[in-house]
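> One structure, as structure tokens, below. Some questions next.
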Amino acid sequence: MRQLWPHVVDDVAPYDAYRLGDAAAPHLRLNMVQGLDGRATDAAAVSGGLGGDGDFAVFVALRALADAILVGAGTARAEDYGPHRIRPSLAIRRRADGRTEPAPIVVVTRSAALDPAARLFGEARTPTVVLTCAAAPPERRQALAAVADVIVAGEDAVDLAEGLRRLREDRGLAHVLCEGGPSLNADLLAAGLVDEVCTTIAPQLAGGSGPGIVEGLTGRVDLALARLLTDGAELFASYRVARPGQAAAG
Ligand SMILES: NC(=O)c1ccc[n+]([C@@H]2O[C@H](COP(=O)([O-])OP(=O)(O)OC[C@H]3O[C@@H](n4cnc5c(N)ncnc54)[C@H](OP(=O)(O)O)[C@@H]3O)[C@@H](O)[C@H]2O)c1
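Take 3 as the starting number for the sequence shown in the numbering used here and just add one per residue.
See below:
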């Protein structure tokens with residue numbers, strides 16, 4: 003993989019390119035793959051047909067760098083999410099950064115409509131977290147509490163700021179990777195909770211009428227280029243997000 007910005011590095015490992023100076027600092031990073039037409043899904047309505055080998059290398063490195071992997075329930079259901087599994091070579095780097103266990107998957111859901119028998123719960127070495135709200139049916143919350151770590155934050159919808167605070171302060175999960183989907187991304191951006199947006203631009207026009215990487219965002223969010231990498235025909239761009247009332251730091 004080649005880094006083009008902020009300076010040229012001919013052969014860089016994604017773990018090193020994306021590792022922050024303070025690997026333990028609170029940080030929320032989005033990562034999504036898209037076609038050049040901005041579509042975030044392939045003909046089968048999942049993201050799998052968009053990314054190549056480089057995208058997968060970035061995907062696994064970003065997971066290895068994270069304390070927790072946040073995902074909307076729509077994506078967890080559509081993409082049949084399982085628990086985080088880590089390659090031995092990345093596990094060594096992860097341990098050296100003080101992360102001894104795989105990152106928990108944290109599923110954001112208002113409905114709590116998740117199957118307690120799913121592999122996301124039964125096969126997880128680090129218990130999966132369900133981040134839900136008081137409006138979720140109590141019997142579903144109860145069933146999930148038997149197989150997962152359930153956090154209730156907010157009344158009618160998940161209070162994402164409160165949920166992230168509980169992950170950070172009660173569980174020590176400060177560096178969070180969000181893998182989408184597009185609706186959750188919009189809610190996080192609208193709440194001013196995102197520090198960085200990472201995206202793979204796949205060398206294809208995906209076609210169809212699938213969503214973009216952010217859906218339903220009202221208002222504009224300014225970004226500043228933080229990193230640009232290439233691998234074959236794939237481009238990997240990362241942007242810092244401006245905090246409300248500020249320009250994104252360049
Ligand atoms: N290209 C990529 O990198 C990529 C990445 C991820 C997903 N995708 C694609 O995106 C599609 C899914 O899109 P989506 O927008 O439906 O996904 P999503 O954002 O993952 O899921 C939406 C669902 O997540 C829950 N949710 C999200 N934000 C919430 C909030 N603030 N409070 C409470 N619950 C919240 C709700 O679940 P409940 O319905 O359970 O209440 C909501 O219906 C799939 O086709 C997937 O393949 C692509």
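For each residue, glycine too, the CB sits at the ideal point set by N, CA and C. Note that the structure is predicted; figures quoted are calculated from it, not measured.
Taking A59 as the reference, which of V243, G234, A244, Y241 has the closest Cα?
By 1-based counting over the sequence shown, the position of residue 59 is 57. That would be G234, whose Cα lies nearest to the Cα of A59.
> Entirely within the segment 4–78 and at least 3 residues each: give me those beta strand (DSSP E) ranges in chain order.
The qualifying runs are 4–7, 29–37, 70–74.
> Counting beta carbon pairs with one atom in the segment 96–112 and one in the segment 131–148, are three or more of them shorter than 8 angstroms?
Result yes; three or more Cβ-Cβ pairs closer than 8 angstroms.
> If I follow the unbroken beta strand (DSSP E) through I94, where does it start and stop?
Indexing the sequence shown from 1 puts residue 94 at position 92. Counting along the chain, I94 falls outside any beta strand (DSSP E), though it belongs to the alpha helix (DSSP H) covering 90–98.
> Of the choices A204, D189, A148, whose alpha-carbon is the least far from that of T220?
Here residue 220 is taken as the residue at index 218 of the sequence shown, counted from 1. Selected option, being the one with the closest Cα: D189.
> Please report the residue range of the alpha helix (DSSP H) in which E198 lies.
Within the sequence shown, residue 198 is the residue found at index 196, counting from 1. It is not in any alpha helix (DSSP H) - E198 instead sits in the beta strand (DSSP E) that spans 198–204.
> Between A148 and chain B, is the shortest Cβ-Cβ distance under 7 angstroms, so that the two count as touching?
Absence of chain B from the displayed structure is noted, only one protein chain being present.
> Measuring alpha carbon to alpha carbon, tell me which residue in L225, R95, G218 is nearest G183.
Here residue 183 is taken as the residue at index 181 of the sequence shown, counted from 1. Ranking the options by Cα distance to G183, first place goes to G218.
> Using a Cβ-Cβ cutoff of less than 8 angstroms, which residues in the same chain neighbour D13 once the five nearest sequence positions on both sides are dropped?
What you label residue 13 is simply residue 11 of the sequence shown in a count that begins at 1. M3, R4, listed in sequence order.
> Is V178 helix, strand or coil by DSSP?
The residue labelled residue 178 in the question sits at position 176 within the sequence shown. Of the three classes helix, strand and coil, the one that applies to V178 here is strand, per DSSP.
> Kindly identify the DSSP beta-bridge partner or partners of L133.
What you label residue 133 is simply residue 131 of the sequence shown in a count that begins at 1. BP columns for L133 point to V110, I153.
> Touching or not, the segment 197–214 and the segment 87–107, by the rule of three or more beta carbon pairs under 8 angstroms?
These segments do not touch.
> Could you give the distance in angstroms between the alpha-carbon of R127 and the alpha-carbon of A119?
Here the question's residue 127 lines up with position 125 in the sequence shown. Here the question's residue 119 lines up with position 117 in the sequence shown. One C-alpha to the other measures close to 15 angstroms.
> Can you name, in chain order, every residue of its own chain whose Cβ lies under 6 angstroms from the Cβ of W178, other than the five neighbours on each side?
As a working note, residue 178 is residue 176 in the sequence shown. Looking at the sequence itself, residue 178 is Val, so the reference to Trp does not match. If we look at V178 and ignore the five residues flanking it on each side, its Cβ neighbours are L30, A70, L72.
> Please name the residue, chosen from F123, A114, A163, that lies closest to P140 on a Cα-to-Cα basis.
Sequence index remark: in the sequence shown, residue 140 carries index 138 (1-based). It is A114.
> Apart from the five residues on each side of it in sequence, which residues of its chain come closer than 6 angstroms, Cβ to Cβ, to A75?
Locating residue 75 in the sequence shown gives position 73, where the first residue counts as 1. Here the set comprises V109, T111.
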